[in-house]
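Reviewing the structure listed below.
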């Protein structure tokens, strides 16, 4: 006796387990132990747990836990808050060494399964929701703790002040030095503004160097009315966002 049985794949559901290696990418349950509002947060300081700003620039940007997020109908899940960067003083003319980005640190113990630095490294997918008043091309970079290996990916914000989901699938780097400890195994950097050649490189491949974005990156600091928001961030093994 034989019968045909159709089974739903488990990869995209709860039975697949906790696939997300981002700790705190849900900004409602993220432990905001340092506070929930940061006026002109200093360079390389943290706001939400594991989320750090890094910059050289002349503007002022506040970081806030804001009650705004994609709806359950849009995202298939729900979190009522986001990480909100609010430009209060613009920097409309960036020098060659100036940039601003929000960075997340992933422990090496959480990325070790991706096989960074090994032959046969695994495919990985980064997905997130973004809402920006500034439209155009933005960049997100994956980098090692030493800052000498990078992968830049461009994505486009199509509509102003609208939640949009972005998905980036790549293969983990097969060379370089990557920590498999409780140190920083991977840095993920969402670029808000970047200028000149000091930190710009080409997109689409793993390369040696200290770069975070391309020359196509828009200046998200060019107006005091600019806002940039992130929500529902996930990094997982595989070539699709679950």
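In the working numbering, the protein residues as written are 50 to 291. Where is the CB? At the ideal position from N, CA and C, for every residue including glycine. A quick note: this is a predicted structure, and the numbers were derived from the prediction, not measured.
_Where residue 160 falls: helix, strand or coil (DSSP)_ = Helix.
*Taking the DSSP output, what are the residues bridged to residue 155?*
In DSSP, residue 155 forms a bridge with 235.
*Comparing alpha-carbon positions, which option in 243, 164 and 99 lies nearest residue 292?*
Examination of residue 292 is not possible in this model, given that the chain is present from 50 through 291 alone.
*Please name the residue, chosen from 212, 287, 271 and 291, that lies closest to residue 119 on a Cα-to-Cα basis.*
Nearest C-alpha to residue 119: 212.
*Give the straight-line distance between the Cα atoms of residue 94 and residue 101, rounded to the nearest whole angstrom.*
For the pair residue 94 and residue 101, the Cα-to-Cα distance works out to about 5 Å.
*Between which two residues does the alpha helix (DSSP H) carrying residue 121 extend?*
Residue 121 -> alpha helix (DSSP H) spans 121-124.
_Residue environment, residue 110, which counts as buried when at least 16 other CB atoms sit within 10 Å_ = Classification of residue 110: buried, given that the 10 Å Cβ count is 16 or more.
_residue 201 versus residue 223: straight-line alpha-carbon distance, rounded_ = Cα to Cα, residue 201 sits roughly 16 Å from residue 223.
*If you draw a straight line from the C-alpha of residue 178 to the C-alpha of residue 128, how long is it?*
The alpha-carbon atoms of residue 178 and residue 128 are separated by roughly 11 Å.
*asked:* In the DSSP output, what is residue 80 paired with across the bridge?
replied: Answer is none; residue 80 lacks a bridge partner.
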